[in-house]
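In this note's numbering, the protein residues as written are 16 to 426.
We put the beta carbon where it would ideally sit given N, CA and C, even for glycine.
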């Protein structure tokens, strides 16, 4: 009897050891440590873990008004492999009680170069280590000087909305925006971050007074970092695309070619583009602003396709087609894209300038061309300010819609 009792205890102990830790439903605070020597430049982000009635687990990352649902979660024992949608980033972490500890691979496991990652259950505050109440309200528009006093100095616009301590908004530059950002004001500290699967960003600064920020720092990677300061300026306006890019003298049309997802060679001379208004969108599956652009143009394509409107994406990806195809298909499927995607070249300025040969100026990704039914270039633009920018995005949608309606109405 005594042996049986001891055996039962051993079996129960082994069973308890074999049992997996369970993820705690509810809020989690994730943190990506970009700089191993400076924790103040770590990127915090909010996410919620849940399991639906069918047993499907998911994380939902929140950046201001953006909700990113992650269902690609693989588990091996207490190790979780978490893949955000659309892009190629991966989190690999071990569950330890109510925390996750591991690595964040911004470009995928096969590429390497990970950052330290951890997450803690039950924490809803984005910056919990800053608990002081806000001493200032930063709501409004700000003139942001990046890398002040250097040859690399540039002007950006900060658009912020503050309620209590919480701040939502974004930064915009001439090539687009940093998408949905969220943070807080704590005392005189300004704190802003995002993690959307494509980028993990941290901004912070000291608020000197109601109209001035100083000692600003930004980091998106160890190589992508800058200093900044800001002055309240409700009238600040960035130059438009027409001031950044234009069609070179002597060029009126644009010929393009690429490989579609079936491996077929597609050119601008093909039947699908004849007598059509064509929006040509140059970008890549790695580009977060291209995601916002793709969602908008999928909507516009669905609305105006029957009236003779076509959309084609010229993608700059890896050095060869097959690995590029996998990334593009992931982007297409998860972003809900409904128009043609073509692989045209590897990433790089020389390739970009060669493919987009009629354009000169300060090109960025995405860059777009609008061709009328005769193949004439009617408009070029560069950069993209998405829905996180509020009025900027609304104005762009209105202007683009008017242009499409004008071009499809022409004979």
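1. Assess contact between the region 86-97 and the region 246-255, defined as three or more Cβ pairs (one per stretch) separated by less than 8 Å. Is contact present?
2. Between the C-alpha atoms of residue 165 and residue 243, what's the straight-line distance to the nearest angstrom?
3. Determine contact between the region 232-247 and the region 344-354, defined as no fewer than three beta-carbon pairs at a distance below 8 Å.
4. Among residues of its own chain, excluding the 5 on either side of residue 18, which ones have a beta-carbon nearer than 6 Å to its beta-carbon?
5. By DSSP's criteria, residue 176 is part of a beta bridge. Which residues make up the other side?
6. Distance, Cα to Cα, residue 105 vs residue 117?
7. To which residues of the same chain is residue 234 closer than 7 Å at the C-beta, ignoring the five residues directly before and after it?
8. Cutting at 7 Å between CB atoms, please list the residues of its own chain near residue 287, excluding the five before and the five after it.
9. Examine the Cβ distances between the region 327-338 and the region 270-283 and report whether three or more of them are shorter than 8 Å.
10. Contact between the region 206-216 and the region 94-109: three or more CB pairs below 8 Å?
11. When DSSP builds the beta bridges, which residues end up paired with residue 294?
12. Write down the C-beta distance between residue 310 and residue 331 rounded to the nearest angstrom, noting that I regard them as a contact closer than 8 Å.
13. Which stretch, first to last residue, makes up the alpha helix (DSSP H) that contains residue 347?
14. From the DSSP output, read off the bridge partner residues of residue 268.
15. Counting pairs of Cβ atoms below 8 Å between the region 391-408 and the region 170-190, do you hit three or more?
16. Taking 6 Å as the limit between beta carbons, can you name the residues of its chain near residue 124, skipping five residues before and five after?
17. For residue 112 and residue 137, what's the separation of their Cα atoms in angstroms?
18. Which runs of the beta strand (DSSP E) fall wholly inside the region 96-141 and span at least 3 residues, in chain order?
19. Report yes or no: do three or more beta-carbon pairs, one from the region 404-423 and one from the region 358-373, lie closer than 8 Å?
20. Using a Cβ-Cβ cut-off of 6 Å (strictly less than) and excluding sequence neighbours within five positions of residue 46, which residues of its own chain qualify?
21. Grab me the residues of residue 392's own chain with a C-beta within less than 8 Å of its C-beta, minus the 5 sequence neighbours each way, in chain order.
22. Excluding sequence positions up to five away, which residues of its chain have a Cβ less than 8 Å from the Cβ of residue 354?
23. Tell me, which residues are paired with residue 227 by DSSP?
24. Check this for me: beta carbons of residue 126 and residue 231, under 9 Å apart or not?
25. Evaluate residue 321 with the Cβ neighbour count: other Cβ atoms within 10 Å of its Cβ, from every protein chain shown; 16 or more gives buried, anything less gives exposed.
26. My assumption, with CB atoms under 8 Å, is that residue 150 sits in contact with residue 202. Please give the rounded CB distance.
27. Using CA coordinates, which residue listed in 291, 364, 307 is at the minimum distance from residue 422?
28. Count the other C-beta atoms from every protein chain shown that fall within 10 angstroms of the C-beta of residue 177, then say buried if there are 16 or more, exposed otherwise.
29. List the residues that DSSP assigns as beta-bridge partners of residue 215.
30. If residue 276 and residue 334 are in contact, beta carbons under 8 Å, what's the gap, nearest whole angstrom?
31. Per DSSP, what kind of secondary structure is residue 412 in: helix, strand or coil?
32. Need the endpoints of the alpha helix (DSSP H) that residue 197 sits in, please.
33. Using 10 angstroms around the beta-carbon of residue 410, count the other beta-carbons present and answer buried if the total reaches 16, otherwise exposed.
Taking the coordinates as given:
1. no
2. Here the question's residue 165 lines up with position 150 in the chain shown. Here the question's residue 243 lines up with position 228 in the chain shown. Looking at the backbone, the Cα of residue 165 and that of residue 243 are separated by about 11 Å.
3. no
4. Looking up residue 18 in the chain shown gives position 3. The pLDDT assigned to residue 18 is 45, lower than 50, so where the model puts this residue is not dependable, and the model offers no usable value.
5. Numbered from 1 along the chain shown, position 161 holds the residue referred to as residue 176. Per DSSP, the beta bridge partners of residue 176 are 183.
6. Reading the chain shown from its first residue, position 90 is the one you call residue 105. Reading the chain shown from its first residue, position 102 is the one you call residue 117. Cα to Cα, the separation comes out at about 11 Å.
7. In the chain shown, the residue the question calls residue 234 occupies position 219. Excluding residues within five positions, the ones whose Cβ falls inside 7 Å are 49, 50, 56, 217, 240.
8. Against the chain shown, residue 287 aligns to sequence position 272. Same-chain partners within the cutoff: 325.
9. yes
10. Yes: the two stretches touch, three or more of their Cβ pairs being nearer than 8 Å.
11. Numbered from its first residue, the chain shown carries residue 294 at position 279. Residue 294 is bridged to 326, 385.
12. Indexing the chain shown from 1 puts residue 310 at position 295. Indexing the chain shown from 1 puts residue 331 at position 316. No, residue 310 and residue 331 are not in contact; Cβ-Cβ is about 19 Å, not under 8 Å.
13. As a first step, residue 347 is located in the chain shown; it is residue number 332 there, counting from the start. Note, residue 347: alpha helix (DSSP H), 336-350.
14. The sequence position of residue 268 within the chain shown is 253, counting from 1. Per DSSP, 391.
15. yes
16. Walking along the chain shown from the start, residue 124 turns up at place 109. The beta carbon of residue 124 is closer than 6 Å to those of 105 in its chain, skipping five residues each way along the sequence.
17. Here residue 112 refers to the residue found at position 97 when the chain shown is read from its first residue. Here residue 137 refers to the residue found at position 122 when the chain shown is read from its first residue. Straight-line Cα distance between these residues: approximately 12 Å.
18. 105-111, 114-120, 130-136
19. Contact fails: fewer than three Cβ-Cβ distances are below 8 Å.
20. As a working note, residue 46 is residue 31 in the chain shown. If we look at residue 46 and ignore the five residues flanking it on each side, its Cβ neighbours are 57, 59, 133.
21. Residue mapping note: residue 392 aligns to position 377 of the chain shown, counting from 1. For residue 392, where only same-chain residues beyond five positions count, the Cβ hits under 8 Å are 262, 266, 267, 268, 269, 373, 384, 385, 386.
22. To locate residue 354, count along the chain shown from 1; it is residue 339. For residue 354, where only same-chain residues beyond five positions count, the Cβ hits under 8 Å are 312, 313, 316, 325, 326, 327, 328.
23. Taking the first residue of the chain shown as 1, we reach residue 227 at position 212. DSSP lists 224, 246 as partners of residue 227.
24. The sequence position of residue 126 within the chain shown is 111, counting from 1. The sequence position of residue 231 within the chain shown is 216, counting from 1. Not closer than 9 Å, so no.
25. Start at 1 with the first residue of the chain shown, and residue 321 comes out as number 306. Flag for residue 321 reads exposed.
26. Indexing the chain shown from 1 puts residue 150 at position 135. Indexing the chain shown from 1 puts residue 202 at position 187. Right, the Cβ-Cβ distance comes to about 5 Å (below 8 Å), so this counts as a contact.
27. As a first step, residue 422 must be located in the chain shown, where it is residue number 407. The candidate whose alpha carbon is nearest that of residue 422 is 291.
28. Here residue 177 refers to the residue found at position 162 of the chain shown. By the neighbour-count rule (16 or more Cβ atoms within 10 Å), residue 177 is buried.
29. Along the chain shown, read from residue 1 onward, the residue named residue 215 stands at position 200. In DSSP, residue 215 forms a bridge with 210.
30. The residue you call residue 276 lines up with position 261 of the chain shown. The residue you call residue 334 lines up with position 319 of the chain shown. Residue 276 to residue 334, Cβ: 18 Å. No contact.
31. The residue given as residue 412 occupies position 397 in the chain shown. Correct three-state label for residue 412: helix.
32. Locating residue 197 in the chain shown gives position 182, counting from the first residue. Element bounds for residue 197: not the alpha helix (DSSP H) but the beta strand (DSSP E), 196-201.
33. The count along the chain shown starts at 1 and reaches residue 410 at position 395. When all chains shown are included, residue 410 counts as exposed.
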